[in-house]
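Those letters in the sequence shown? Residues 1 to 756, by UniProt numbering. Think of the CB as a built atom: it goes at the ideal place given N, C-alpha and C, for glycine as much as any other residue.
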Amino acid sequence: MSVLALLRHGLALLRHTRLEPGSRLIEITPPPQTDPNGAPVLWSHLLGLLRPAWKRLLTGQPHLAWEYLADESGVRIQLWVPGTVPPGTVEKAVQAAWPGTTITTRPATAPLDTKARTASGRLLLGRPEHFPLKTDHPNDPVRSMLAAMTGLRPGEHALVQILARPTTGRRLRRAHRAAAALRGARTAGLLGQALDELAPMSGHTSPGELARMFPERADQVRAILIKAAQPRYEVAVRYTVTGKAVPRLRGRAHTLAGVFALYTSSHQYLRRARLFPSRPGSRRLGTGYLLSVGELAALAHLPWDIDAPGVTRAGARPVAPSPAVPSGPADQRVRVLGDADSGHRRPVAMPIPDGRHHIHVLGGTGVGKSTLLANMVLADAEAGRGALVIDPKGDLITDVLARLPSRTIGSTVVFDPQDAAPPPVINVLAGPNPAFAVDSIVTIFHRCFSTAWGPRVDDLLRSTCLTLTKVLGPRATLADVPKLLTDSAYRTRITARLGDELLAGFWDSYQALTPAGQATVIGPVMNKLRAVLLRPFIRHALTSPTTTVPIGELLDEGGLILARLPKGILGDDAARLFGSILLAHTWHATTRRAVLAASARPDAALYIDECHNFLNLPGHISDVLAEARGYRLSLVLAHQHLDQLPADLREALSADARNKIFFTTSPKDANDLKAHTAPLITPHDLAHLGAYQAAVRLIIDGRQTPPCTVRTRPLPPIQSGREEEIRKASRERFSTAAPEPTPRNRRRKPADPRNH
Numbered sequence: 001m002s003v004l005a006l007l008r009h010g011l012a013l014l015r016h017t018r019l020e021p022g023s024r025l026i027e028i029t030p031p032p033q034t035d036p037n038g039a040p041v042l043w044s045h046l047l048g049l050l051r052p053a054w055k056r057l058l059t060g061q062p063h064l065a066w067e068y069l070a071d072e073s074g075v076r077i078q079l080w081v082p083g084t085v086p087p088g089t090v091e092k093a094v095q096a097a098w099p100g101t102t103i104t105t106r107p108a109t110a111p112l113d114t115k116a117r118t119a120s121g122r123l124l125l126g127r128p129e130h131f132p133l134k135t136d137h138p139n140d141p142v143r144s145m146l147a148a149m150t151g152l153r154p155g156e157h158a159l160v161q162i163l164a165r166p167t168t169g170r171r172l173r174r175a176h177r178a179a180a181a182l183r184g185a186r187t188a189g190l191l192g193q194a195l196d197e198l199a200p201m202s203g204h205t206s207p208g209e210l211a212r213m214f215p216e217r218a219d220q221v222r223a224i225l226i227k228a229a230q231p232r233y234e235v236a237v238r239y240t241v242t243g244k245a246v247p248r249l250r251g252r253a254h255t256l257a258g259v260f261a262l263y264t265s266s267h268q269y270l271r272r273a274r275l276f277p278s279r280p281g282s283r284r285l286g287t288g289y290l291l292s293v294g295e296l297a298a299l300a301h302l303p304w305d306i307d308a309p310g311v312t313r314a315g316a317r318p319v320a321p322s323p324a325v326p327s328g329p330a331d332q333r334v335r336v337l338g339d340a341d342s343g344h345r346r347p348v349a350m351p352i353p354d355g356r357h358h359i360h361v362l363g364g365t366g367v368g369k370s371t372l373l374a375n376m377v378l379a380d381a382e383a384g385r386g387a388l389v390i391d392p393k394g395d396l397i398t399d400v401l402a403r404l405p406s407r408t409i410g411s412t413v414v415f416d417p418q419d420a421a422p423p424p425v426i427n428v429l430a431g432p433n434p435a436f437a438v439d440s441i442v443t444i445f446h447r448c449f450s451t452a453w454g455p456r457v458d459d460l461l462r463s464t465c466l467t468l469t470k471v472l473g474p475r476a477t478l479a480d481v482p483k484l485l486t487d488s489a490y491r492t493r494i495t496a497r498l499g500d501e502l503l504a505g506f507w508d509s510y511q512a513l514t515p516a517g518q519a520t521v522i523g524p525v526m527n528k529l530r531a532v533l534l535r536p537f538i539r540h541a542l543t544s545p546t547t548t549v550p551i552g553e554l555l556d557e558g559g560l561i562l563a564r565l566p567k568g569i570l571g572d573d574a575a576r577l578f579g580s581i582l583l584a585h586t587w588h589a590t591t592r593r594a595v596l597a598a599s600a601r602p603d604a605a606l607y608i609d610e611c612h613n614f615l616n617l618p619g620h621i622s623d624v625l626a627e628a629r630g631y632r633l634s635l636v637l638a639h640q641h642l643d644q645l646p647a648d649l650r651e652a653l654s655a656d657a658r659n660k661i662f663f664t665t666s667p668k669d670a671n672d673l674k675a676h677t678a679p680l681i682t683p684h685d686l687a688h689l690g691a692y693q694a695a696v697r698l699i700i701d702g703r704q705t706p707p708c709t710v711r712t713r714p715l716p717p718i719q720s721g722r723e724e725e726i727r728k729a730s731r732e733r734f735s736t737a738a739p740e741p742t743p744r745n746r747r748r749k750p751a752d753p754r755n756h
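Rendered as structure tokens:
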């Protein structure tokens, strides 16, 4: 017998060694709400791991290990899977049982330090295995176990393991024989029947008499048959506590074992037994006892209670993308946004034509919004699509510059106030449509300074700019506005060449004012202009008559315009004004595509972070978005929260920026945004998205698809020296030396309207 026992032990060791190579741990983060019916679904699903009889005889039946592992930081729930189980099999079963569960798979490691002091034990059935444990718990029994595992000190660990493998065969039939024996049935089998014929038992008690003599047997038989009607697993339950103080460890271990008294039924209970010293933390399963799927599910499941002690729940429920959403790869036809974090991990991509429906990106700081925008810009650059990027913080442009492909050297314009070289130049009053340029400038100033803007200020700035464009043509600049308002001699020369009765009438009324009256009228305009012109970077970029940046050509030919406008350097007003002016000039250049056939218009994109600061174009934003789609211009509009948006812009983004990418939002915003993501993604999900996780609702082939969740990708590696190469090429091609004042200009004092 001892030889057979040794052989059996050796065979078990050999079989286990075949399970360890390639084994993995699935760490399970419960969803915000856990369905109590998920565990029976999981363990019923995993019965599919049962091997054919011949294979079990040769190599054994693989088992799983459900583990609750605790330290001072909390409790982790993980599932050990042997290497013989194909990858994805158990992972998909877990996510199917508990939708919204987040899983992380990694190579298996030992759960505990084998050299630490331990107090451990195992739990055995107190009665024959055909009697069931209690499974109908009004409250979650795992909660008590988790409470016993919390409050650990640094260096202490607690582990509960439920090892289980599907089983079948003769062992399962013992339960039916036990039930028959309790009912008083005669010996089963051919041999038993033959013996009964040869030596009948005259004193045999009938089942009816036994039922009257032992009424409790009816309940026992019923309990046995209910358990026997379910599929069963061979199970072992172990617990271990590690640390330094032995008395404390023993107390913890006894408390942990005592929790399992909750599973005591009127027919069965669990009792403590010694665990061999070599076994703490081991995942080898020798001989266990039979538990039904329901009993195993009561022991090994995700906690039901939202506030289960020590357990961190998944912030948002992952949702798999629709099959209609393309998966890439990134090329001329699609732009990859990230990877699905539910179901099959695959890229989630947006077709370039559907990007023309515009993209609304919302999320606070530190959630991954800038990383997503940078990856999208890099994808456009790699594919040869033109783009304008306005960055009021500065980090986005820095990240992009360091990673651009070499093909963008020489076709990338960089506006950066921290660059010591003269900036590129844009004359916002020049162009084929001066009236549009003037309207843009007036609208920008109006919206940027709406609280201090009135009809008289509007009329003054509009008339001044129109006068300059009519007389000076493309050489008119914003720097001429203060000069025209304050220098009477210059004003006389300009108005004499005007040839426009309406504008001439305006200047006649202006000239009729006293110097003090003129100073009062122009004061609001002058202090707004100073916000721009007193900044050397902006003055040099906007007041030269010759534009050095052909924005229309760059966008058509796949060039990039990168505007790095950190508010900490420029100030809020100056950054907002310059970004708005650059956007208006770009829009003006884009409208020239109207003369081209639709098929001849190349795709381009405008990336605007903190978009509410810069969307100051003439007309309603909804009309702009609709018109941009016709020009094959995709607007990617990003900001942090809904309260930043004026009502008209908020409504326009909701209705006309049809592609939605939402990172973590406030509960208030989540409730307002639910119309775009419900019912698959709830307000709770939107408010509890993880870092670099986003809820995405895309337009595919012109149709709205169901929302899904994605994990954005990290930025690619930095290209050494690339940023300086691009900056140098930008200076050489697009920058111009700042105009130096003439000696006469240096000697002349600033004009004072009171002297005229």
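Identify the continuous beta strand (DSSP E) that holds residue 470 and give its terminal residues.
Looking at the DSSP string, residue 470 is not in any beta strand (DSSP E); the run it does join, the alpha helix (DSSP H), is 455-472.
Give the straight-line distance between the Cα atoms of residue 452 and residue 446, rounded to the nearest whole angstrom.
8 Å
Bridge partners of residue 296, per DSSP?
Its beta-bridge partners do not exist; DSSP assigns none.
Are the CB atoms of residue 223 and residue 321 nearer to each other than 8 Å?
no
Check residue 43 in the structure and name its three-state DSSP category.
helix
Mapping DSSP to helix, strand and coil, what is residue 639?
strand
In chain order, what residues of the same chain have a beta carbon less than 8 Å from the beta carbon of residue 686, not counting five sequence neighbours either side?
316, 662, 664, 665, 669, 670, 673, 674, 677 and 695
Could you check if residue 43 is buried or exposed, using at least 16 other CB atoms within 10 Å of its CB as the buried criterion?
buried
For residue 504, name the three-state secondary structure that DSSP assigns.
helix
Is the beta carbon of residue 381 sitting closer than 8 Å to the one on residue 560?
yes
Let me confirm a value: residue 55 is counted as buried when at least 16 other C-beta atoms fall within 10 Å, else exposed. Which label applies?
exposed
Are the beta-carbon atoms belonging to residue 30 and residue 298 less than 8 Å from one another?
no
Closest residue to residue 449 among 727, 689 and 572 (Cα-Cα distance)
572
May I ask you to report which of helix, strand or coil DSSP gives residue 272?
strand
From which residue to which residue does the alpha helix (DSSP H) around residue 784 run?
Limits of the chain in this structure are 1 at one end and 756 at the other, which puts residue 784 out of reach.
Should the segment 610-618 be called in touch with the segment 330-343, which here means at least 3 C-beta pairs below 8 Å?
no
Out of 386, 227 and 144, which one is the CA nearest neighbour of residue 75?
144
Measuring only the C-alpha atoms, how far is residue 717 from residue 646?
38 Å
How far does the beta strand (DSSP E) with residue 357 in it reach, from first residue to last?
Run containing residue 357: none; DSSP gives neither H nor E here.
So which of 458, 217 and 360 has the shortest CA-CA distance to residue 640?
360
Determine the contact status of residue 657 and residue 390, defining contact as a CB-CB distance below 8 Å.
no
For residue 406, three-class secondary structure by DSSP:
helix
Taking contact to mean at least 3 C-beta pairs separated by less than 8 Å, is the segment 485-504 in contact with the segment 470-477?
yes
Residue ranges of each beta strand (DSSP E) run of no fewer than 3 residues wholly in the segment 637-717, ordered along the chain?
659-662, 693-697 and 708-711
Compute the Euclidean distance between the alpha carbons of residue 329 and residue 337, then round it to the nearest angstrom.
11 Å
Cutting at 7 Å between CB atoms, please list the residues of its own chain near residue 304, excluding the five before and the five after it.
34, 36 and 140
Between the segment 370-379 and the segment 507-523, are three or more C-beta pairs nearer than 8 Å?
no
Got a sec, what are the start and stop residues for the beta strand (DSSP E) residue 518 sits in?
Residue 518 -> not in any beta strand (DSSP E); alpha helix (DSSP H) instead, spanning 515-533.
Let me check understanding here. Comparing Cα to Cα, which of 226, 348 and 356 lies closest to residue 295?
226
Burial state of residue 484, where buried means 16 or more other Cβ atoms lie within 10 Å
buried
Report the residue from 229, 332 and 477 whose alpha carbon sits nearest the alpha carbon of residue 173.
229
What does residue 735 pair with, by DSSP beta-bridge criteria?
424
Would DSSP call residue 769 helix, strand or coil?
The first residue shown for the chain is 1 and the last is 756, placing residue 769 beyond what the model contains.
Three or more beta-carbon pairs under 8 Å between the segment 614-634 and the segment 400-412, yes or no?
no
Just reading off the beta strand (DSSP E) that residue 74 is part of, what are its end residues?
74-81
Output the boundary residues of the beta strand (DSSP E) element that contains residue 237.
232-243
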